[in-house]
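*Asks:*
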Amino acid sequence: MGRRRLMSSYDDTTPHATRWQSLRQSSTLTEIRLQLDGLTYGGVVWHPYEGHRGIRPLFGICMYSGWIRIGDTLSRHLAERVMRQFRFYQEIPRPPTIVADADVVAVDFAWLHFTDHVIRNVRQASYPSECVDGYVQWFRRVSHPYIITAPADARPALVPTQRPDVPQEARRHRRSSPPSPSGALARFRRMTIKLQSLISCRHVTEGTVAHQMAVELLQEANDDIDEYSPTRRGQRHI
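So the mapping is simple: my numbering equals the position in the sequence shown, first residue as 1, plus 1084.
(1) Identify whether Arg1153 lies in helix, strand or coil by the three-state DSSP scheme.
(2) Between the alpha carbons of Ala1186 and Asn1205, how many angstroms are there, rounded?
(3) Taking the alpha carbon of Gly1155 as the point to measure from, which residue in Asp1192, Leu1120, Tyr1219 has its own alpha carbon closest?
(4) Can you give me the start and stop residues for the alpha helix (DSSP H) that His1116 sits inside?
(5) Alpha helix (DSSP H) containing Ala1190: first to last residue?
(6) DSSP three-state label for Val1226, please.
(7) Given that a residue counts as buried once 16 or more other Cβ atoms are within 10 Å of its Cβ, and exposed if not, what is Trp1151?
(8) Apply the 10 Å Cβ neighbour rule to Ala1163 and answer buried if 16 or more other Cβ atoms are within range, or exposed otherwise.
(9) Under a Cβ-count criterion, where at least 16 other Cβ atoms within 10 Å of its own Cβ denotes burial, should Gln1119 be classed as buried or exposed?
(10) Which same chain residues end up closer than 8 Å to Ile1145 when comparing Cβ atoms and leaving out the 5 residues on each side of it in sequence?
(11) What is the DSSP secondary structure of Arg1160, counted as helix, strand or coil?
(12) Please report how far the alpha carbon of Ala1101 lies from the alpha carbon of Ala1305, in whole angstroms.
(13) Whole-angstrom Cβ separation of Glu1115 and Thr1233, contact assumed at under 8 Å?
(14) Would you identify the three-state DSSP class for Val1216, choosing helix, strand or coil?
(15) When DSSP labels each residue in this structure, what does Val1183 get in the three-state scheme?
(16) Let's test the definition: count the other Cβ atoms within 10 Å of the Cβ of Leu1282 and tell me whether it reaches 16, buried, or not, exposed.
(17) Excluding sequence positions up to five away, which residues of its chain have a Cβ less than 8 Å from the Cβ of His1136?
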């Protein structure tokens, strides 16, 4: 997640999850949440296994849907919720709460007979984002755009316009005149106030990716203020 580097010991016969190593050896929960909140659609690998299929084929057990466990720790494994990462057509999945609770014995029995619990009738997607009608609207309704809560106007709303392969509703475009220098200057000043507040808040820790990006954006905004300031514009004509 975020800045990564390739493991020197990695080869194609090892699990694909061992390919990358984080530059950070440890992260706090807040830092991890900030990194997740800072991800954009362009920073996500939507088909992480595509280049690995020649070495590690997709086995039927990957389509298992139900409870799995490590020791006494039980967890739901619902592959139908992430079909697109396997390049399959995405349906609207069932709610996780529908999967009844189970104990260790029941989980082990289901795992031994996993063929009774795999997702069936899947089909290959024609394009990366292919999904059933209504899926995008469902996803917007049930998903959590941000993990860390903040005022509604403190951060931009995440919408699929960053995804070039997601069809968007037709929108009317209107021509607008270029912003006046005074209007642009006022906007840049508002940006610096918000960025400074973001840097100063306790959720953004110095040394994190979010903090570094905020500082860089603040510097760019200050440079733009200097560029659009009346004093600077007057100096150009001297």
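The beta-carbon is built from N, C-alpha and C at its ideal position, and this holds for glycine as well. All figures in this text were calculated on a predicted structure; none of them were measured in a lab.
*Replies:* Let's see:
(1) Against the sequence shown, residue 1153 aligns to sequence position 69. It is a strand residue.
(2) For the purposes of this step, residue 1186 is taken as residue 102 along the sequence shown, with counting starting at 1. For the purposes of this step, residue 1205 is taken as residue 121 along the sequence shown, with counting starting at 1. Taking the straight line joining both Cα atoms gives about 26 Å.
(3) The sequence position of residue 1155 within the sequence shown is 71, counting from 1. Nearest of Asp1192, Leu1120, Tyr1219 to Gly1155, Cα basis: Asp1192.
(4) Taking the sequence shown and counting its residues from 1, one reaches residue 1116 at position 32. The amino acid at residue 1116 is misidentified as His; the sequence shows Ile. Unbroken alpha helix (DSSP H) run through Ile1116: 1113 to 1122.
(5) By one-based count along the sequence shown, residue 1190 stands at place 106. Its alpha helix (DSSP H) spans residues 1188 to 1196.
(6) In the sequence shown, counting from the first residue as 1, residue 1226 sits at position 142. Helix, per DSSP.
(7) As a first step, residue 1151 is located in the sequence shown; it is residue number 67 there, counting from the start. Buried: at least 16 other Cβ atoms inside 10 Å.
(8) Reading the sequence shown from its first residue, position 79 is the one you call residue 1163. It counts as buried.
(9) For the purposes of this step, residue 1119 is taken as the residue at position 35 of the sequence shown. Classification of Gln1119: buried, given that the 10 Å Cβ count is 16 or more.
(10) Numbered from its first residue, the sequence shown carries residue 1145 at position 61. Closer than 8 Å at the Cβ level, and outside the excluded window around Ile1145, lie Phe1198, Val1202.
(11) Counting from 1 along the sequence shown, the entry for residue 1160 is found at position 76. In the structure shown, Arg1160 sits in a strand (DSSP, three-state: E or B).
(12) Taking the first residue of the sequence shown as 1, we reach residue 1101 at position 17. Taking the first residue of the sequence shown as 1, we reach residue 1305 at position 221. In a straight line, the C-alpha of Ala1101 is about 39 Å away from that of Ala1305.
(13) Counting from 1 along the sequence shown, the entry for residue 1115 is found at position 31. Counting from 1 along the sequence shown, the entry for residue 1233 is found at position 149. That belief does not hold up - the Cβ atoms of Glu1115 and Thr1233 are roughly 17 Å apart, past 8 Å.
(14) In the sequence shown, counting from the first residue as 1, residue 1216 sits at position 132. In this structure, Val1216 counts as coil in the three-state DSSP scheme.
(15) For this step, residue 1183 is matched to residue 99 along the sequence shown. If DSSP states are grouped into helix, strand and coil, Val1183 belongs with coil.
(16) The residue labelled residue 1282 in the question sits at position 198 within the sequence shown. It is buried - the Cβ of Leu1282 has at least 16 other Cβ atoms within 10 Å.
(17) Counted from its first residue, the sequence shown places residue 1136 at position 52. Here the set comprises Asp1096, His1100.
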